[in-house]
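> For the sequence shown, my numbering begins at -6 and goes up steadily by one. The beta-carbon is built from N, C-alpha and C at its ideal position, and this holds for glycine as well. These figures come from a predicted structure and were not determined experimentally. Just dropping this structure here.
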Amino acid sequence: MKLIRLTLSILLFFPALALAYSLQGTVINVHDGDTLTIQSGSDRYKVRFLGVDTPEVDYFGNTQGEVADVARDFVAGLVPPGSHVTVVYDDNGHDKHNRILGRVIYNNVEINREILKEGWGYMYFIYPFDKGLLATYSADSKFAVDNQRGLFASRYDKVLAPYDFRMKSRNLTGTNYVGDTETKVLYFPEDIEQIPVWRRVFFSDKNIALNNGYKFF
C-alpha cells in the first residue's frame, strides 16, 4: 500500500491530521453504514469508518433489517459509487479484519461525523483512541440523541445498538469493559446501559482502563 502525507487542502480543513497518513481512491460500493470498498490504482481496499458503528446489513446471516438499509443508503447518498475520497488513518489504522480503519473525507466533509450527527451510527471507540477525536465525535453523537436524529428517533426505540445485536445474534456476551468518558467510571460489559451512548468507550482489559484513569464505582 502506498502511504502519502496529507495534501494541503485536507490539512487546512483538518489540522489535527497532520501526523496521519492517507489513501485516495474511488468508492466501488457501500456495504453498510460503516463499511465501504474503494479502488486505489490497481488495488481494492475495504474501509471501516473509524469511531462509528452502524446497524448490520448482514452479520453471519443475520440482519437488522430496514434500519440497516436506511443507514447504508444514507452513507451511499453521501459517497455514492464513483466518489473520489480520501481515507485518513494512523499507525493503528487497521481493525481485526484487516480493514483500513479511518476517517473518510469527501469534498472537504468528514463522512464519519455526518453519520454521527445525523444519528445513523453509534459512537464506537475501543482503546487506543485519540482523545481530541473522541471529544469531537462525542459531541456529534450527543447532538443526534438530543435532536432524535436517525436511530435515536422514537420509531427506532426497539432497535438494538449494533454491538449488542452482534453479540445477541451469536448468543455471546460482550467482553469489553465500558468506560464513561465524563465520570471516568468503569462498568462491566453487562452494565453498558448505565452510560449514555455518546459517553461510551471500550477497553479490552480492565487494567488498561485503570491505567488511563477509569475506576469502578
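Straight-line CA distance for residue 69 to residue 120?
As a first step, residue 69 is located in the sequence shown; it is residue number 76 there, counting from the start. As a first step, residue 120 is located in the sequence shown; it is residue number 127 there, counting from the start. For residue 69 and residue 120, the distance between alpha carbons rounds to 28 Å.
> Quick one: using the 10 Å Cβ neighbour count with 16 as the cut-off for buried, is residue 202 buried or exposed?
For the purposes of this step, residue 202 is taken as the residue at position 209 of the sequence shown. By the neighbour-count rule (16 or more Cβ atoms within 10 Å), residue 202 is buried.
> For residue 170, which residues from the same chain have a beta carbon less than 6 Å from its beta carbon, with the 5 sequence-adjacent residues on both sides left out?
The residue given as residue 170 occupies position 177 in the sequence shown. Closer than 6 Å at Cβ, skipping near neighbours: 179, 196, 199 and 202.
> Check whether the Cβ atoms of residue 47 and residue 25 sit closer than 8 Å, and answer yes or no.
As a working mapping, residue 47 is identified with position 54 in the sequence shown. As a working mapping, residue 25 is identified with position 32 in the sequence shown. It is a contact, given that the beta carbons lie within the stated cut-off.
> Leaving out the 5 sequence neighbours to the left and right, which residues in its chain are closer than 6 Å to residue 18 when beta-carbon positions are compared?
As a position in the sequence shown, residue 18 is number 25, starting the count at 1. Correct list, in chain order: 31, 32 and 33.
> In the DSSP output, which residue or residues are listed as bridge partners for residue 168?
Here the question's residue 168 lines up with position 175 in the sequence shown. None; residue 168 has no bridge partner.
> Quick check on the burial criterion: 16 or more other C-beta atoms within 10 angstroms. Buried or exposed for residue 131?
Translated into the one-based positions of the sequence shown, residue 131 becomes position 138. It counts as buried.
> Between the alpha carbons of residue 136 and residue 36, how many angstroms are there, rounded?
Numbered from its first residue, the sequence shown carries residue 136 at position 143. Numbered from its first residue, the sequence shown carries residue 36 at position 43. About 37 Å.
> Mapping DSSP to helix, strand and coil, what is residue 95?
Here residue 95 refers to the residue found at position 102 when the sequence shown is read from its first residue. DSSP places residue 95 in strand when its eight states are reduced to three.
> Quick check on this structure: which residue in 89, 105 and 88 has the alpha carbon closest to the alpha carbon of residue 96?
Position 103 of the sequence shown, counting from 1, holds the residue named residue 96. The residue with the shortest Cα to Cα distance from residue 96 is 105.
> For residue 193, which three-state DSSP category applies?
As a first step, residue 193 is located in the sequence shown; it is residue number 200 there, counting from the start. Strand, per DSSP.
> So what does DSSP say about residue 106, is it helix, strand or coil?
Locating residue 106 in the sequence shown gives position 113, where the first residue counts as 1. Note: residue 106 maps to helix in three-state DSSP.
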